[in-house]
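Undergrad: The opening residue of the sequence shown carries number 1 in our numbering; numbering runs sequentially from there. The C-beta atom is built at its ideal place from N, Cα and C for all residues, glycine as well. This structure is a prediction, so every number in the text was calculated from the model and none was measured. Sending over a structure as C-alpha cells; questions will come in a sec.
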Amino acid sequence: MVDTQERPVRWLKVLDQTRCIGCHACTTACKSENEVPVGVTRTYVKSVDVGEFPTARRAFQVTRCNQCTDAPCTTACPTGAMFRREDGIVDFDKSICIGCKACMAACPYDAIFINPEDHSAEKCNMCAHRLDVGLEPACVSVCPTEAIIVGDGNDPTSKVAQAVQRRPVSVRRPEKETGPGVFYLGAHQATLDPLGAARPDGGLYAWAEQGPKGSNIVPSGNPDGSRSSAAALLSYDVPHRAPWGWRVSLYTWTKSIGSGAFVVAVLLALTGFMGWGDSTVSYVAPLVALVFLGITGVLLIWDLKHPFRFWMIFTRHQWRSWLVRGSFILAAFAGLATLYLIAALLDLRTTQEVLGVLAAVGGVATACYTAYLFAQAKARDLWQNPLLPAHLAVQAVLAGAAALLPFALALSPGSAVTAIEVTLTIAAAIHLLLVWSELTLPHVTAHAHLATREMTRGRFAVFFRVGLVAIAVAVAAPWIGAVAVPFALIGLLAHEHAYVQAGQSVPLA
C-alpha cells in the first residue's frame, strides 16, 4: 500500500566537502541576498592545511548555523526572537530582538552575530524567504560544484534524504546533543573540531580577519599554540568574539553585593548575632540591596543592543530563558526588600521579620540564578559546573559581609561587628577552597581545560591572580577589620571578570 498521507516538510542541508573548492561564492551570494554588512557573515568557508610537505592538502568546511532540532538559542532567547519553525528552520524576528546576546552565548557553533547596522541578532536561516516561494537558497543556486544540497529530509526521494540516510555523514559538536539539521560529507575532522587545527604565529596569518586591538575578540585554534595530531594548521578563519563583555562581569559583582548584604543581615538576625532592630539590619541592608540592584539593572539594560526594548523581557517573555526568570527574580527581590524597609521604618517588627525571611530567599535566588543562565550557554564548558550555584551563593555572602562591615563598625555593637568579620572570613576561605577544587580536579572536556588555562595563565591571568591574593588577605578579616573590605570586594570583582571572560574564550567554530 502506498502511503498517501502528506508528510510535514523538514528542511535539511548537506554540505559535500569533497566537492567544495573554497571559492567563497556561497559567502558572497549570502551577503548579497540578505544584505549582510561587511565584518560579519552568515556563512563562510573555513580552510585548514592538513599534513606536512610533501603530503599536505587543504581541507574546506562551509560554516554556518546548524538548524538544530533542540536549538539552545531558542531556549535562551528571552523574547522568542529566535524560534524554530515547523519545517525545522531556526529563524529570527528582528522586530522583537533586544540584543541581549544570550543566543550568541548559547550557540555551540558561533553561528549567530549582532548586525552592526540594525543591532539585532541574525544568522543563516536557509534563506527561508526563498524556500517559502519555491526557490533555492542563494548559496545553493551559485555553488559551482553543487557542494550544497538543501531538501526535505522527510521525502525519501530527495537528494538530501538519500545522502543523510545512505552515506556516511558527520555533524559538528555531536556531544552537545542539539540534533543538527546540517550534515557534512567528507569533512576532515580538523575542520569540524574547533580545536582540531593550530593557529600559526599567534593568529597572524594570511586571509584571517583580525579584530581591533583591545576588542573582546579572542583567537581561534589552540590557545597554547600546540599542533594537532594531524599536523593541521588554519589557513582561513574568522575571529571568535566573546558575546558578553565587562558589563556582564560587573553585573555579577553588583548583584552579589546587593543580594549578599541582605542575606547576611537576615541570617545574623535569625541566629541572634544581631538584633532585628539594629540599624544595620533594619535600614542599611535593604538600602544597600536596593542601590546595588538598581546598578545591576542599569548594567543589564546598558548591555543590550536595543536598550529601549528591555520592557519586552516582561511583556513578551519566553519562560524557558533564564534571562527572563532572572529578571523576575530580581524584580521580586527588589519588591520584597522595599516592603521590608517600609516595615522597618514603621516599626512593624513581626511583619519585618516575615518579609526579611521571604526577601532573604529571594536574595539567595538572585545570587544563584546566574549559574543557570550561564548553563544555558551549552558550549561554554567552563560554566557547566554543578557547584556554580553554591559558589555564587558563597560569593554573595562574601560580598555582602564586606559591604556591611563599614556600616556595622559605625552603627552596631562590637558583637555584631565580630559576627560580620567572622562571616567574611569563612566565606572568603570557602571561596578559595572552591576555586582550588575547580582548578585541581580534572576537566571533563578540552574546552573546559583550555578556558581554565586562559583564566589562570592566559590573557585573564592578572585578574585571576589579583582576585586570589586580595581574597586571601580578606581571610584575615577578624584581625584587620575594615581593611579587609576593599580587598574582599576588589578581589571578587577581579575573579568574576576573569571567570566570565575566560568562559567565553575558547573558539566554537
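When the Cα of L363 is compared with those of S120, N385, A375, L293, which residue comes out closest?
TA: Position 363 of the sequence shown holds residue 363. Leu is not the amino acid found at residue 363; the sequence shown has Gly there. That would be L293, whose Cα lies nearest to the Cα of G363.
Undergrad: Within 8 Å, do at least three Cβ pairs link the region 258 to 269 to the region 394 to 407?
TA: Counting Cβ pairs under 8 Å, three or more are found: they touch.
Undergrad: Using three-state DSSP, classify M1 as helix, strand or coil.
TA: Position 1 of the sequence shown, counting from 1, holds the residue named residue 1. Residue placement at M1 is flagged as unreliable, the pLDDT there being 39, under the threshold of 50; a coordinate-derived value is accordingly withheld.
Undergrad: Counting only the same chain and skipping the five closest in sequence on each side, list residues whose C-beta sits under 7 Å from that of H443.
TA: Here residue 443 corresponds to residue number 443 of the sequence shown, with the count starting at 1. So the list reads H449, T452, once near-sequence residues are dropped.
Undergrad: Would the beta-carbon of W253 fall within 8 Å of that of E496?
TA: As a first step, residue 253 is located in the sequence shown; it is residue number 253 there, counting from the start. As a first step, residue 496 is located in the sequence shown; it is residue number 496 there, counting from the start. Against a cut-off of 8 Å, the Cβ pair of E496 and W253 comes out as a contact.
Undergrad: Three or more C-beta pairs closer than 8 Å, one from the region 303 to 317 and one from the region 83 to 101: is that the case here?
TA: A contact exists between the region 303 to 317 and the region 83 to 101.
Undergrad: Return helix, strand or coil for I313, following the three-state DSSP convention.
TA: As a first step, residue 313 must be located in the sequence shown, where it is residue number 313. Correct three-state label for I313: helix.
Undergrad: Identify every residue that forms a DSSP beta bridge with T63.
TA: Residue numbering aside, residue 63 sits at position 63 when the sequence shown is read from its first letter. BP columns for T63 point to Y44.
Undergrad: Can you give me the start and stop residues for the beta strand (DSSP E) that S235 sits inside?
TA: As a working note, residue 235 is residue 235 in the sequence shown. S235 -> beta strand (DSSP E) spans 232 to 236.
Undergrad: Starting from the Cα of D118, find the closest Cα among P137, I96, C127, C107 and give me that residue.
TA: Counting from one through the sequence shown, the residue named residue 118 turns up at place 118. If we check each option's Cα against that of D118, I96 comes out closest.
Undergrad: Which of the three DSSP states, helix, strand or coil, is assigned to K123?
TA: Counting from one through the sequence shown, the residue named residue 123 turns up at place 123. DSSP places K123 in coil when its eight states are reduced to three.
Undergrad: Relative to the C-alpha of A393, which residue among P406, T366, V36, A429 is closest?
TA: For the purposes of this step, residue 393 is taken as the residue at position 393 of the sequence shown. Here the closest residue by C-alpha is T366.
Undergrad: Pull up the distance between the alpha-carbon of V396 and that of I21, whole angstroms please.
TA: Start at 1 with the first residue of the sequence shown, and residue 396 comes out as number 396. Start at 1 with the first residue of the sequence shown, and residue 21 comes out as number 21. In the sequence as presented, Val is not what sits at residue 396; that position holds Ala. Going by the C-alpha atoms only, they are around 54 Å apart.
Undergrad: Where do the N-terminal and C-terminal ends of the alpha helix (DSSP H) with Y283 fall, by residue?
TA: Start at 1 with the first residue of the sequence shown, and residue 283 comes out as number 283. Premise fails: Y283 is in no alpha helix (DSSP H) and is neither H nor E.
Undergrad: So, helix, strand or coil for I148, using DSSP?
TA: Taking the first residue of the sequence shown as 1, we reach residue 148 at position 148. Of the three classes helix, strand and coil, the one that applies to I148 here is strand, per DSSP.
Undergrad: Are the CB atoms of A408 and T271 nearer to each other than 8 Å?
TA: Within the sequence shown, numbered from 1, the residue matching residue 408 stands at position 408. Within the sequence shown, numbered from 1, the residue matching residue 271 stands at position 271. No, the pair does not count as a contact, with Cβ atoms beyond the cut-off.
Undergrad: For a minimum of 4 consecutive residues, which ranges assigned as the alpha helix (DSSP H) are wholly contained in the region 343 to 397?
TA: Correct list: 349 to 375.
Undergrad: Along the beta strand (DSSP E) that carries R84, what are the first and last residues, could you check?
TA: Reading the sequence shown from its first residue, position 84 is the one you call residue 84. Counting along the chain, the beta strand (DSSP E) containing R84 begins and ends at 82 to 84.
Undergrad: For R58, write down the residues that DSSP places opposite it in a beta bridge.
TA: The residue labelled residue 58 in the question sits at position 58 within the sequence shown. In the DSSP output, where bridge partners are listed per residue, R58 has D49.
Undergrad: Report the residue from H129, V462, S235, R173 whose alpha carbon sits nearest the alpha carbon of R58.
TA: What you label residue 58 is simply residue 58 of the sequence shown in a count that begins at 1. Measuring from the Cα of R58, the nearest candidate turns out to be S235.
Undergrad: Restricting to Cα atoms, I'd like to know which of V500, Q504, L424 is closest to S249.
TA: Along the sequence shown, read from residue 1 onward, the residue named residue 249 stands at position 249. For the residues V500, Q504, L424, the minimum Cα distance to S249 belongs to V500.
Undergrad: To the nearest whole angstrom, what separates the beta carbons of L355 and L339, a pair I think is in contact under 8 Å?
TA: Taking the sequence shown and counting its residues from 1, the one referred to as residue 355 is at position 355. Taking the sequence shown and counting its residues from 1, the one referred to as residue 339 is at position 339. The pair is a contact, with the Cβ atoms about 5 Å apart (cut-off 8 Å).
Undergrad: May I ask you to list the residues that DSSP assigns as paired with L109?
TA: Residue numbering aside, residue 109 sits at position 109 when the sequence shown is read from its first letter. Inspection of the sequence shows that residue 109 is occupied by Tyr rather than by Leu. The partner list for Y109 (beta bridge, DSSP) is empty, contrary to what the question assumes.
Undergrad: Whose C-alpha, out of L492, F460, I114, L299, is nearest the C-alpha of D93?
TA: The residue labelled residue 93 in the question sits at position 93 within the sequence shown. Checking every option, the nearest Cα to that of D93 belongs to I114.
Undergrad: Please classify Y372: is it buried, with 16 or more other beta-carbons within 10 angstroms of its beta-carbon, or exposed?
TA: For the purposes of this step, residue 372 is taken as the residue at position 372 of the sequence shown. Y372 should be labelled exposed.
Undergrad: Where does the unbroken alpha helix (DSSP H) through V142 begin, and where does it stop?
TA: Here the question's residue 142 lines up with position 142 in the sequence shown. Looking at the DSSP string, the run of the alpha helix (DSSP H) that includes V142 is 138 to 142.
Undergrad: Among all the DSSP beta bridges, which residues are the ones paired with W11?
TA: Here residue 11 is taken as the residue at index 11 of the sequence shown, counted from 1. Partner(s): D152.
Undergrad: Since V266 is in the alpha helix (DSSP H), which residue starts that stretch and which ends it?
TA: Translated into positions along the sequence shown, residue 266 becomes position 266. From DSSP, the alpha helix (DSSP H) with V266 extends over 246 to 270.
Undergrad: Report the residue from G134, G181, K176 whose alpha carbon sits nearest the alpha carbon of A161.
TA: For the purposes of this step, residue 161 is taken as residue 161 along the sequence shown, with counting starting at 1. Ranking the options by Cα distance to A161, first place goes to G181.
Undergrad: With burial defined as no fewer than 16 other Cβ atoms inside 10 Å of the residue's Cβ, what is the status of L336: buried or exposed?
TA: Numbered from its first residue, the sequence shown carries residue 336 at position 336. Classification for L336: buried.
Undergrad: Let me confirm a value: D70 is counted as buried when at least 16 other C-beta atoms fall within 10 Å, else exposed. Which label applies?
TA: Along the sequence shown, read from residue 1 onward, the residue named residue 70 stands at position 70. When all chains shown are included, D70 counts as exposed.
Undergrad: How should W246 be labelled, buried or exposed, when 16 other C-beta atoms within 10 angstroms of its C-beta is the threshold for buried?
TA: Here residue 246 refers to the residue found at position 246 of the sequence shown. Exposed, because fewer than 16 other Cβ atoms sit within 10 Å of the Cβ of W246.
Undergrad: Using a threshold of 8 Å, state whether the C-beta atoms of A359 and F333 are closer than that.
TA: By one-based count along the sequence shown, residue 359 stands at place 359. By one-based count along the sequence shown, residue 333 stands at place 333. The answer is yes: Cβ separation under 8 Å.
Undergrad: Quick one: what does DSSP say V38 is sitting in, helix, strand or coil?
TA: The sequence position of residue 38 within the sequence shown is 38, counting from 1. V38: coil per DSSP, three-state reduction.
Undergrad: Check P164 in the structure and name its three-state DSSP category.
TA: Mapped onto the sequence shown, residue 164 falls at position 164. First, the residue type needs correcting, since residue 164 is Val and not Pro in the sequence shown. Reduced to three states, the DSSP call for V164 is helix.
Undergrad: Could you please give the first and the last residue of the uninterrupted beta strand (DSSP E) stretch that includes V90?
TA: Walking along the sequence shown from the start, residue 90 turns up at place 90. Per DSSP, V90 belongs to the beta strand (DSSP E) from 90 to 92.
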